[in-house]
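Accompanying notes for the structure given below.
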Amino acid sequence: MKAQVFRGVNQLSYEELPIPEIAADEVLVRVKVVGLCQSDIKKIRYPLYEPPRIFGHETAGEIAAVGTAVKGWQVGQRVVVMHHIPCMHCTYCLNENYSMCHVYKTITTTAGFIPSGGGFAEYVKVPGHIVQHGGLIPIPEDISDEQASFVEPTNCCLKAVKKAGIAPGQTVLITGAGPIGLMFIMLVNLFGARAIATDLLPSRIAKAKEVGAAAAFDARDADLNAKIQALTQGLGVDVSLLAVPSESAFFQALECTRKGGKILFFAEFPDEVEIPLNPNVLYRREIDLLGSYSSSYRLQSLASDIIFNRRIDVDALISDRYPLAKLAEAVEQAVSPTADTYKILIYPDA
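Here full-length UniProt numbering is used: the first residue of the sequence shown is 1, the next is one more, and so on.
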């Protein structure tokens with residue numbers, strides 16, 4: 001099979017590798033489409049992981065082989081592959097902090113080398129733990145592989161929305177109108193709240209309004225806070241979702257969030273970033289700072305329902321499609337987006 005192998009920082013090698021062999025409790029999936037995620041890009045562009053590895057985790061495909069002990073799955077079934085499933089019995093899992101679970105972090109799908117997702121390959125192996133505990137999700141006939149590949153990122157965004165307690169009637173500031181920010185706008189609307197977005201690109205500001213933002217502004221607007229105050233009867237937003245790793249975006253959110261409101265970090269900041277903050281600002285205004293990383297096992301069914309019943313329009317998020325052989329070009333476009341760059345999808349069999 002063909003695969004894109006991470007050989008070092010910014011070094012992707014399009015190679016021919018053996019198709020993974022599966023054990024009795026495992027499943028082999030032929031990858032039809034895989035989304036390019038910001039977390040994949042960081043892993044490729046920064047020295048976070050030792051090579052060689054095969055990344056990619058927003059995977060939709062077709063079962064190519066099943067182990068002799070596998071029940072309930074057949075060759076030819078179309079499936080979404082969830083690359084992490086928690087153990088459900090450790091302290092983290094019992095407190096529903098599933099993404100902190102050791103099993104969640106260490107057992108994952110693989111196309112070879114150190115298991116790292118494996119979606120950037122023609123075939124990916126799904127470990128028995130993931131097969132046995134809901135990590136394969138059947139795709140309805142009327143849902144495309146492209147649409148199905150959004151189940152995992154939808155789960156991640158849904159987790160943040162739930163953690164922030166976003167409720168009907170609230171107003172939510174979303175910093176950044178890239179593919180994640182746009183998905184947040186759709187989910188905020190789905191839950192009956194009102195979205196306000198910011199971005200630096202005029203095209204993304206327009207796109208935010210197109211997908212449902214009540215208002216969208218240039219993040220450099222010196223009157224941003226005044227405009228948000230005018231939209232919220234002088235209170236400020238109830239929740240701010242940081243969808244970009246920007247220190248200035250955080251301070252804008254802090255200024256625009258009402259007393260008693262919440263600010264949630266969704267985007268991962270570079271490790272060297274330190275944000276100076278007077279704790280009295282949080283104390284006196286009772287601002288809650290939250291973080292949300294990865295997906296939640298508890299929300300897997302809801303994320304699937306949202307995608308499979310088309311409760312949000314994920315087709316509107318797709319801007320570019322690349323063959324697996326040109327993954328490096330796709331990464332470069334994501335890092336230096338054009339005016340119309342949003343979600344990029346990768347196709348192993350293109």
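The C-beta atom is built at its ideal place from N, Cα and C for all residues, glycine as well. Only a predicted model underlies this, so the values are computations on that prediction, with no experimental measurement involved.
Bridge-paired residues (DSSP) for residue 262: 239, 288
Reference residue 219, options 173, 184, 33, 210, closest by Cα: 173
Rounded C-alpha distance that separates residue 110 from residue 318: 25 Å
Of the listed residues 341, 339, 231, 292, nearest to residue 98 (C-alpha basis): 292
Test item: CB-CB of residue 41 and residue 12 under 8 Å: no
Selected residue, minimal CA-CA separation from residue 70, among 20, 268, 129, 271: 129
Own chain, CB closer than 7 Å to residue 201, minus 5 neighbours either side, in chain order: 339
Where residue 194 falls: helix, strand or coil (DSSP): strand
Spatial neighbours of residue 287 in its chain, beta-carbon cut-off 8 Å, leaving aside the 5 residues before and after: 254, 257, 259, 260, 261, 262, 263, 281
Whole-number beta carbon distance between residue 118 and residue 54, since they are thought to touch under 8 Å: 5 Å
Closest by C-alpha distance to residue 271, when choosing among 247, 285, 279, 252: 247
Through-space distance from residue 193 to residue 168, alpha-carbon basis: 5 Å
Proximity of residue 356 and residue 67 at Cβ, strictly below 8 Å: Here the chain has residues from 1 to 350 only, and residue 356 is not among them.
Continuous beta strand (DSSP E) stretch holding residue 173: start and end: 171-175
Proximity below 8 Å, CB of residue 322 to CB of residue 33: no
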